[in-house]
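Some notes on the structure that comes next.
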Amino acid sequence: MTRVLYSALITQIFLLSYSLSFGQVHKPDSVKIECEGFDTESFTDVSCDAFDYSFRDSKKVKRIRDKANLSLFNAQRGNFKKTKSNSIDVRGKITYHFGKTNEKYCFDVFGKFYRNGEFYYNKKLLIAIADNIYSKHPAYLDTLRSHE
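Written out as structure tokens, the structure is:
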């Protein structure tokens, strides 16, 4: 009887520790921001796939590794709200690096983000990006509202 109880206890401990490992919040090792000027105009909307080619010579690139900024950008990952949008005119990409995996979002100048076929809105993240790239975000971002 005690052998069965010990076996059940060990199994429970193993399963509990296994299930808790999936609930861990992963913090990024670094964040890479690639951004074209918010005032840059193009003849057609630039897709996420075309961003690198379209702005290869003019985009700004910044990698963030300091703990304070990493914490700020990690916190903004929780502010994504799904939208019904179906297009985006990309002016930048933000990539969260987690060791061997990456989480990449494309964004426009109005706070719309795109990832894996889904559209999101995240004004706070766009402001954090602009503050890091330009040291101060454009004033229109303070009055920006979601399209939904």
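Residue numbers for the sequence shown follow the working numbering, beginning at 5 and rising by one.
Heads up, the beta-carbon is just placed ideally off N, CA and C, and yes, glycines get one too.
As the structure is a computational prediction, the values presented were derived from the model and not from experiment.
For Lys108, the three-state secondary structure derived from DSSP is strand. Within 10 angstroms of the beta-carbon of Glu40 lie 16 or more other beta-carbons, which makes it buried. Within the same chain, Phe42 and Arg95 come within 6 angstroms of Val113 by CB-CB distance, once the 5 residues on both sides are set aside. Gly103 counts as exposed, since fewer than 16 other C-beta atoms from the protein chains shown sit within 10 angstroms of its C-beta.
Between Gly82 and Ser51, the alpha-carbon positions lie close to 24 angstroms from each other. In the three-state reduction of the DSSP assignment, Gly82 falls in the helix class.
Rounded to the nearest angstrom, the gap between the Cα atoms of Lys63 and Lys128 is 21 angstroms. Partner residues in the beta bridge of Tyr118, as assigned by DSSP, are Cys110 and Phe123. Listed as beta-bridge partners of Tyr100 by DSSP are Val35 and Glu107. Your pair Tyr124 and Lys85 checks out as a contact, with CB atoms roughly 6 angstroms apart and the cut at 8 angstroms. Look at Lys64 here: in three-state DSSP terms it is strand.
For a cut-off of 8 angstroms, the C-beta gap from Ile92 to Tyr118 is around 5 angstroms, short enough to register as a contact.
By the Cβ-count criterion, Lys71 is exposed, with fewer than 16 other Cβ atoms from all chains shown falling within 10 Å of its own Cβ. Boundaries of the alpha helix (DSSP H) around Phe55: Phe55 to Ser58.
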